Amino acid sequence: MKGDLTRKYSESFLSLCNLQELQKRRKARQLQGHDMGNQPRQPLWVIEELVNPLSAAAQHHFSKWVENPEFVFALAYKITRDFIDSMDEILQPLVDKANLVGYSCREEWISGIVIALSTYLAKEIFPKQIELLQESSSSDASSTAAQARVSWLNLVDLMISFDKRTQDLISGTGLLFSVKDDENWQRISVLSVFCDRPDWLEIWAEIERREVFASLKSAMENENNWSKRIEGAILEYGSDDCKSPAITGAVKHGLSLIIDRARPIPSITLRAEFIRISASPIISEFLGCMFRRCQEAEGLTALADDNALIKVSQSINAARYVESTLAQWCEDVFFLEMENLSVVGEGGFVFQQDINQLKEFRSEWVDKISTVILRAFDARSRDYLKNKRQWQEHSEEPAISRAIIESSGYIQGRLSRLEEGLNVLDFVTVWRAVATGVDQLLFTGIFAGSPKFSNGGVERLHADLSVLFAVFQAWCLRPEGFFPRLSEGLKLLKIDERQLRDSRLVTDKIWLRGHGVRHLTVGEAEKIIKNRVYDA
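Per the working numbering, residue 1 is the first one in the sequence shown, and the count goes up by one each step.
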């Protein structure tokens, strides 16, 4: 434009800008005293008037490229880019002259093109994609369904790429969006199509889920992916190798792909929904696979052999690693936004339900491993516990019971094997549970039936428990602290006869605490003391 035409255009442009500013002030006066926080942002009228004829002309070309949407995006981007400098150099000074505060011609221009393109996609392109998916679902040919899904994903790829390139036109100048909230973000993103059609978002999420799971399914069935470990896989808040099988790397990669696909969606609520629909079912499928593997191991040998323990340990390690990964992800700003806006329900984090299920799975199978070890220990020590006469025998040198050596050796073998295959945190839970169970089992078995304890019997019990405690010394400094009932029972048996005779309130709680007895009841302590037989 030159000469008089430029002057007339500038006058018309300024007049429309001034009219919008007057309208804006009038509305502000009308709403004075009311909450204006939720008022929709008005687009710049002059830019709208520029976009509309260009959009109408472009749609003539768009209609030829319904089967080739990449050409649609290419033309839309070319129009956007070719006029962007004019927005800054010619029109922005006019907007500033009209005192229209808070408007960027560059941003408004991009927004106008994006909205026009989004409208075209919603009216012309997506309905044909839906039709293609419906036709493929009714067809018997799996290749047709795969082609329909690929076509949908290619369209989404084009949308994400277009958004990135157009948004770079804003951020590339050193400027940021006016405010990067959902409303402003949607104005410059063609993915806002999904904000108006959440049902299309569900279709997209389901397609992404199927694609990721298809690649994971064969990996989960490959036994090598369970026997090999991820090198350097670290647990949260620690430096211990979690011994996670290689399959968890594939699961993490698949979930990462889905999360990356969700990041450009211009709505926090829809991002959370997309992840819920696509990522959570994959975690559930993986959890189901681990559960079936553990059940198979339990069904074959009741977890009695090394191979079964290894198989269950692999699944526990995998659950621990995935749980740790999800917990770390939830600390990212991307997920904290969802938590802060309460868009993930009562569970808190978007993955909270999945994390809870993984914890329950680990807890269940760690308990089963502990129970299996305790049952085997019980069977091996049954004769030992039945022999009440051994506590009344007199001998110069106390002999260690062969049964306690064998049963303690069994525990040492099982726990040592588990230490090799199980991650550190869950292994600690196992050996502590075993120690607690053995403490209860032996205490109940030894002191049941009120057996009499001679000096020799007390020495024999001390020697037997020393063997048991020595097994657990590999994993703690004071193993007797994890066998409080046995330790305190032995402590009561070792009390000097004269000390008992001088004390009038042997069964008093204060007396018991004074002697370091805190895990036995007064009745249990009294029973043990009464059955102590001191040699003359």
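Note that CB positions come from ideal geometry on N, CA and C, so glycine has one too. Note that the coordinates shown come from a computational prediction; the quantities given were computed from them, not determined experimentally.
Residues of its chain near residue 407, where Cβ-Cβ distance is below 8 Å and the 5 sequence neighbours each way are ignored:
377, 380, 381 and 384
Residue 192 to residue 156 span [Cα, whole Å]: 12 Å
Where does the unbroken alpha helix (DSSP H) through residue 263 begin, and where does it stop?
Careful: residue 263 lies outside any alpha helix (DSSP H) and carries neither H nor E.
task = Could you tell me the distance, in whole angstroms, from the CA atom of residue 447 to the CA atom of residue 468?
result = 17 Å
Give me, in chain order, the residues of the same chain whose beta-carbon lies closer than 8 Å to that of residue 390; leave out the 5 immediate sequence neighbours on both sides.
401, 457 and 460
task = Give the range of the alpha helix (DSSP H) segment to which residue 463 is assigned.
result = 455 to 472
* Asked: Which residues in the same chain have their Cβ closer than 7 Å to the Cβ of residue 537, if we skip the five residues on either side of it in sequence?
  -> The question about residue 537 has no answer here: the residues shown for the chain are numbered 1 through 536.
Residue range of the alpha helix (DSSP H) that residue 128 falls in?
126 to 138
- Query: Which two residues bound the contiguous alpha helix (DSSP H) that contains residue 369?
  - Reply: 352 to 380
- request: Determine the direct distance from the alpha carbon of residue 529 to that of residue 499, and round the result to whole angstroms.
  value: 12 Å
- Can you give the Cα-Cα distance for residue 330 and residue 349, rounded to whole angstroms? 6 Å
DSSP three-state label for residue 245, please. strand
Next on the checklist: Quick check for students: name the residue ranges of the alpha helix (DSSP H) that lie wholly in the region 37 to 64, counting only runs of 4 or more.
Outcome noted: 45 to 62
Exercise. Could you tell me whether the region 416 to 433 touches the region 298 to 309, using the rule of 3 or more Cβ pairs below 8 Å?
Key: yes
Span separating the alpha-carbon of residue 512 from that of residue 473: 27 Å
Who pairs with residue 7 in a beta bridge, going by DSSP?
DSSP output for residue 7 lists no bridge partner at all.
*When DSSP labels each residue in this structure, what does residue 29 get in the three-state scheme?*
helix
(request) Give a yes or no on contact between the region 17 to 25 and the region 82 to 89, applying the rule of three or more CB pairs nearer than 8 Å. (result) no
Review point. Per the contact definition of three or more C-beta pairs closer than 8 Å, is the region 266 to 281 in contact with the region 365 to 376?
Key: no
How do the region 102 to 120 and the region 61 to 79 stand: do at least 3 beta-carbon pairs fall below 8 Å, yes or no? yes
Give the DSSP bridge partners of residue 532, in chain order. 453
Judging by CA-CA distance, which residue of 477, 497 and 393 is the nearest neighbour of residue 451? 393
Next item on the list: Consult DSSP for residue 229 and reduce its assignment to one of helix, strand or coil.
Entry: strand
- Query: Can you name the start and end residues of the alpha helix (DSSP H) that residue 93 belongs to?
  - Reply: 92 to 97
Under the assumption that residue 194 contacts residue 282 (Cβ atoms under 8 Å), give the Cβ distance between them as a whole number of angstroms. At roughly 20 Å, the Cβ-Cβ gap does not stay under 8 Å, so residue 194 and residue 282 are not in contact.
As assigned by DSSP and simplified to three states, the class of residue 392: coil
| query | Can the beta-carbon of residue 490 be found closer than 8 Å to that of residue 442? | reply | no
Review point. How about residue 246 and residue 217: do their beta carbons lie closer than 8 Å?
Key: no
Alpha-carbon spacing of residue 12 relative to residue 280, whole angstroms: 55 Å
Less than 6 Å between C-beta atoms, sequence neighbours within five positions excluded: which residues of the same chain meet that for residue 278?
205, 208, 209 and 258
* Asked: In the structure shown, what three-state DSSP assignment does residue 521 receive?
  -> coil
>> Check for me: the alpha helix (DSSP H) holding residue 421 runs from which residue to which?
In response: 402 to 421
Taking the CB atoms as reference points, tell me whether residue 433 and residue 370 lie closer together than 8 Å.
yes
| Comparing alpha-carbon positions, which option in 427, 470, 362 and 242 lies nearest residue 405? | 470
With distance defined between alpha-carbon atoms, name the residue in 310, 426, 91 and 265 nearest to residue 324. 426
Exercise. What runs of the beta strand (DSSP E), each 3 residues or longer, lie entirely inside the region 62 to 90?
Worked result: none
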